[in-house]
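One point on numbering: in full-length UniProt numbering, the residue at position 66 of the sequence shown is 66, and numbering is uninterrupted.
All C-beta atoms, glycine included, are put in the ideal place defined by N, C-alpha and C.
For reference, the structure discussed in these notes is given below.
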Amino acid sequence: MPKMKTKSSCKKRFKISATGKVITAQAGKRHGMIKRTTKFIRNARGTTTMSEPDARIIKSMMPYDR
Numbered sequence: 001m002p003k004m005k006t007k008s009s010c011k012k013r014f015k016i017s018a019t020g021k022v023i024t025a026q027a028g029k030r031h032g033m034i035k036r037t038t039k040f041i042r043n044a045r046g047t048t049t050m051s052e053p054d055a056r057i058i059k060s061m062m063p064y065d066r
């Protein structure tokens with residue numbers, strides 16, 4: 001059997017935590033910061049965990065990161 005491949009886009013964007021959750025960067029901070037509130041920018045720092053339905057899709061693209 002050939003080896004399964006990990007999606008290159010996923011390995012660049014996501015990490016799997018020790019408990020199996022998908023960790024990703026906060027959304028909405030690429031451009032347009034002028035119109036965003038200070039509270040939004042402050043709360044969108046760092047990383048966040050992905051919702052369970054979306055995480056299931058990402059995990060299927062990353063077979064070796066479990």
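Mind checking who residue i pairs with in its DSSP beta bridge?
| i | result |
| --- | --- |
| Ser15 | According to the sequence provided, residue 15 is Lys. The question's Ser does not apply to it. For Lys15, which the question treats as bridged, DSSP gives the partners Ile23. |
| Thr48 | Thr24 |
Counting C-beta neighbours from all protein chains within 10 Å, is the total for residue i 16 or more, i.e. buried, or is it exposed?
| i | result |
| --- | --- |
| Phe14 | buried |
Looking only at its chain, what residues have a beta carbon closer than 8 Å to the beta carbon of residue i, apart from the 5 residues adjacent to it on each side?
| i | result |
| --- | --- |
| Met4 | Pro63, Tyr64 |
Residues in the same chain with beta-carbon distance under 6 Å from residue i, minus the five sequence neighbours each way, listed in chain order, please.
| i | result |
| --- | --- |
| Ser17 | Ile23 |
Assuming residue i contacts residue j (C-beta within less than 8 Å), just tell me the rounded distance between them.
| i | j | result |
| --- | --- | --- |
| Lys11 | Ala55 | That pair is no contact at about 15 Å. |
| Thr47 | Ala25 | 6 Å |
| Gly28 | Ala44 | 6 Å |
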